[in-house]
Amino acid sequence: MFRTHRRRPSVPHPIQLHIEALEDRCLLSGNVLQTNLVSDLPGVAQHLDPNLVNPWGISESSTSPFWLSDNNSGHSTLYDTTGTPQALVVSIPTPGDPAGNSGAPTGTVFNTTLASKTPGFTVSDGTHSGPAIFLFATEDGTILGWNPTVDPTGQFNGPNHASTHAVLAVDHSGNNFSEPDPLKQT
Numbered sequence: 797m798f799r800t801h802r803r804r805p806s807v808p809h810p811i812q813l814h815i816e817a818l819e820d821r822c823l824l825s826g827n828v829l830q831t832n833l834v835s836d837l838p839g840v841a842q843h844l845d846p847n848l849v850n851p852w853g854i855s856e857s858s859t860s861p862f863w864l865s866d867n868n869s870g871h872s873t874l875y876d877t878t879g880t881p882q883a884l885v886v887s888i889p890t891p892g893d894p895a896g897n898s899g900a901p902t903g904t905v906f907n908t909t910l911a912s913k914t915p916g917f918t919v920s921d922g923t924h925s926g927p928a929i930f931l932f933a934t935e936d937g938t939i940l941g942w943n944p945t946v947d948p949t950g951q952f953n954g955p956n957h958a959s960t961h962a963v964l965a966v967d968h969s970g971n972n973f974s975e976p977d978p979l980k981q982t
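Residues in the sequence shown are numbered from 797 upward in steps of one, following this note's numbering.
This is the structure:
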């Protein structure tokens, strides 16, 4: 006697949803509250400053306001923590034309070597000289320094239009700064 086995056709089981409890810890939200403090466009921010055109770099010392590099206006403008523009506006000149066309500042740093016995990055206008308090990089590769005793912005002996420097960083181990070169990928 032979037995024949017939298999039943398989019927797919319905998909069951499972609900898992979230952990008891607090999960961070993805929300951010943005407050526009200052702009060159009317009605966009709490404060209006026509010099703040295409801002790039930002720096500060422990006691100073924020210094911004205004790339398209050729200035560095200063702001307090509420975004209120400060009275000082530093003109960033085009190299070789200090009284003429405005330069295009990009990066900016505070000179951290000021507290040392031999502060670095001396700027001069031919009559007055002193260590730069703030340094600026420009689109054409010039490094400029600012000191209130040097009028208006003295040129630090940095690279000679070697490349475009968008950022600067001061090395705390000595009188050196770093200027990455995006064209050479360094």
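Heads up, the beta-carbon is just placed ideally off N, CA and C, and yes, glycines get one too.
Keep in mind that this is a model prediction, so the values were computed, not measured.
Asked	Found
Close beta carbons around Ala900, own chain, < 7 Å, minus the five adjacent residues each side	Asn867, Gly870, Thr934, Glu935
Distance, Asn827 Cα to Phe952 Cα	Low per-residue confidence applies at Phe952: pLDDT is 49, beneath 50, and the placement is therefore not dependable, though the value from the model is reported in the following sentence. Each residue's alpha carbon lies about 43 Å from the other.
Candidates Thr873, Pro915, Ser860, Gly926: closest to Trp852 by CA position	Thr873
Asn738 and Gly926 closer than 8 Å at C-beta	In the structure displayed, the chain extends from 797 to 982; residue 738 sits before or after that span and is not available.
Delimiting residues of the beta strand (DSSP E) encompassing Ser865	862–866
Nearest residue (CA-CA) to Ala841, options Val946, Ser912, Gly879	Gly879
Boundaries of the beta strand (DSSP E) in which Thr873 is found, first to last residue	871–875
Assigned secondary structure, Ala911 (DSSP; H/G/I helix, E/B strand, else coil)	helix
Cβ pair Thr918, Ile854 closer than 8 Å	no
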